[in-house]
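K.L.:
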Amino acid sequence: MKKIPFVRVMNKFKKLVYGSRRRVPMLIAVYPGIHLTGHTIKQVVCDAEIQTKVIIALQKRLQTPIVQTGMDLSVEAEAFGAPVELPDYEVPTVTSPIIFSVADAQKLTVPRPGAGRTIVYLRTAELLRKSLPDAVVLGGCVGPFTLASRLVGLSEACMMAMTEPDTVNIVLEKCTEFLKSYVSAFRSVGADGVIMAEPAAGLLSPDMMEQFSIKWINRVANFVDSDDDFGIILHNCGAKPIHIETKSKATVSAFHFGSTMDIHAALDALPSSKPVCGNLDPSAIFVQGKPEEVFAKTTLLLKETQKYPNFVPSSGCDIPPQRLPRKPRCIYRSGKSL
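Numbering (the working numbering), first residue to last: 120 to 457.
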């Protein structure tokens with residue numbers, strides 16, 4: 120049985136992690152569910168009822184106690200006015216930035232939660248709460264720097280953080296204002312938390328990550344009282360061991376890392392009172408690997424992390440939408456076997 124650390128407050132996600140006698144795996148996966156329902160990705164990201172059907176179909180196949188809305192790194196930027204491409208069978212992408220100067224940053228209008236397609240994700244979380252009352256329901260959003268990089272351009276945002284920090288901070292201020300209200304809206308519709316994806320921050324140095332990412336994430340987390348009855352799980356698939364100390368300053372409920380992270384180093388450095396999730400490669404393992412390889416690699420990871428009560432085996436990022444008939448179930452089978 121796991122040795123449970125003292126945790127001052129527990130949201131529903133933490134109660135599941137620390138209250139289970141076995142490891143509770145978590146897959147970041149929604150789009151593979153289209154093969155169970157016959158829908159397109161475009162339908163999933165534009166229609167809350169369809170997205171809910173896809174998520175529930177996948178949940179029934181996997182028998183997972185955790186469900187989350189689709190990971191869509193374009194929806195918040197689209198609400199700000201950024202142009203987005205919506206292919207039938209690929210995840211949406213921002214096609215071009217909309218901020219090219221400090222004047223553009225100053226004129227940027229902050230949208231309300233529910234603007235554009237953000238209503239799809241809020242409504243999906245609400246429907247999941249009603250349909251799966253016992254499940255941990257997680258919404259999704261991008262982090263402040265990732266949102267800013269969609270509005271400014273990724274390479275431009277990284278460069279401007281060094282050459283025009285005041286301009287970046289204007290954009291971050293507005294992104295954070297929106298995220299505070301958007302994350303709060305997920306809480307209002309019944310979600311137990313959100314997975315906040317901040318991959319763009321993985322391109323920054325530790326000091327710059329603290330200044331242009333963690334500082335702003337904490338404003339969102341503190342605003343919604345993350346770690347009480349609602350939790351923010353901070354996801355960064357690009358974070359590396361050099362970022363661990365900086366990440367530890369985030370006042371979020373849990374951490375989620377990609378395959379570039381040394382998960383043992385992260386578990387050693389981060390407090391045992393916060394779940395640390397990761398970091399099985401979503402493509403190399405879940406798409407390219409055979410079912411027996413998924414089971415073997417998951418089992419090995421679980422054995423290597425047995426001493427950490429806060430470890431949650433998970434895909435290191437969103438699993439691509441290829442057909443996955445049996446592979447995802449292997450992570451749950453290995454979790455139950457230990």
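Ideal placement from N, C-alpha and C gives every residue a C-beta, glycine not left out. Model, not experiment: these values are computed from the prediction.
How far does the alpha helix (DSSP H) with cysteine 396 in it extend, from its first residue to its last?
P.N.:
The residue labelled residue 396 in the question sits at position 277 within the sequence shown. No alpha helix (DSSP H) contains cysteine 396, which is instead part of the beta strand (DSSP E) from 395-399.
K.L.:
Taking serine 303 and valine 255 to be in contact with their CB atoms under 8 Å, please state how far apart those CB atoms are, rounded to whole angstroms.
P.N.:
Along the sequence shown, read from residue 1 onward, the residue named residue 303 stands at position 184. Along the sequence shown, read from residue 1 onward, the residue named residue 255 stands at position 136. That pair is no contact at about 19 Å.
K.L.:
Which same chain residues end up closer than 6 Å to valine 194 when comparing Cβ atoms and leaving out the 5 residues on each side of it in sequence?
P.N.:
Taking the sequence shown and counting its residues from 1, one reaches residue 194 at position 75. For valine 194, where only same-chain residues beyond five positions count, the Cβ hits under 6 Å are Arg236, Thr237.
K.L.:
Assuming contact is defined by CB atoms lying nearer than 8 Å, are isoleucine 217 and serine 434 in contact in what I supplied?
P.N.:
Against the sequence shown, residue 217 aligns to sequence position 98. Against the sequence shown, residue 434 aligns to sequence position 315. The answer is no: Cβ separation not under 8 Å.
K.L.:
Roughly how many angstroms separate the alpha carbons of tyrosine 427 and serine 139, rounded to a whole number?
P.N.:
Start at 1 with the first residue of the sequence shown, and residue 427 comes out as number 308. Start at 1 with the first residue of the sequence shown, and residue 139 comes out as number 20. Near 14 Å, if we compare the C-alpha coordinates of serine 139 and tyrosine 427.
K.L.:
Assuming leucine 241 contacts phenylalanine 199 under a Cβ cut-off of 8 Å, what Cβ separation, rounded to an integer in Å, is found between them?
P.N.:
Start at 1 with the first residue of the sequence shown, and residue 241 comes out as number 122. Start at 1 with the first residue of the sequence shown, and residue 199 comes out as number 80. Between phenylalanine 199 and leucine 241 the Cβ distance is about 16 Å, and since that is not below 8 Å, they are no contact.
K.L.:
With DSSP as the reference, please indicate the residues paired to valine 186 in a beta bridge.
P.N.:
What you label residue 186 is simply residue 67 of the sequence shown in a count that begins at 1. Answer by DSSP bridge pairing, in chain order: Val256.
K.L.:
According to DSSP, simplified to helix, strand and coil, what is glycine 138?
P.N.:
Counting from 1 along the sequence shown, the entry for residue 138 is found at position 19. Three-state DSSP puts glycine 138 in a helix.
K.L.:
So the alpha helix (DSSP H) histidine 154 belongs to, where does it begin and stop?
P.N.:
For this step, residue 154 is matched to residue 35 along the sequence shown. Segment 153-156, the alpha helix (DSSP H) holding histidine 154.
K.L.:
Would a C-beta distance cut-off of 8 Å place valine 186 and isoleucine 174 closer than the cut-off?
P.N.:
Counting from 1 along the sequence shown, the entry for residue 186 is found at position 67. Counting from 1 along the sequence shown, the entry for residue 174 is found at position 55. Cβ distance < 8 Å, so valine 186 and isoleucine 174 count as in contact.
K.L.:
Excluding the five sequence neighbours on either side, which residues of its own chain have a C-beta within less than 7 Å of the C-beta of proline 439, listed in chain order?
P.N.:
The residue given as residue 439 occupies position 320 in the sequence shown. These residues qualify, in order along the chain: Pro401, Ser402, Val406.
K.L.:
So the beta strand (DSSP E) serine 434 belongs to, where does it begin and stop?
P.N.:
In the sequence shown, counting from the first residue as 1, residue 434 sits at position 315. Residues 430-434.
K.L.:
Would aspartate 253 be called buried (16 or more neighbouring beta carbons within 10 Å of its own) or exposed?
P.N.:
Position 134 of the sequence shown, counted from the start, is the residue given in the question as residue 253. Looking at its Cβ environment, which holds fewer than 16 other Cβ atoms inside 10 Å, aspartate 253 is exposed.
K.L.:
With distances taken from CA atoms, which of Gly321, Asp285, Leu247 is nearest valine 149?
P.N.:
Along the sequence shown, one-based indexing puts residue 149 at 30. Valine 149 has its Cα closest to that of Leu247, out of Gly321, Asp285, Leu247.
K.L.:
So the beta strand (DSSP E) methionine 315 belongs to, where does it begin and stop?
P.N.:
Taking the sequence shown and counting its residues from 1, one reaches residue 315 at position 196. Note, methionine 315: beta strand (DSSP E), 312-316.
K.L.:
What did DSSP end up calling valine 406 once you bin it into helix, strand or coil?
P.N.:
Position 287 of the sequence shown, counting from 1, holds the residue named residue 406. Residue state, collapsed to three classes: coil.
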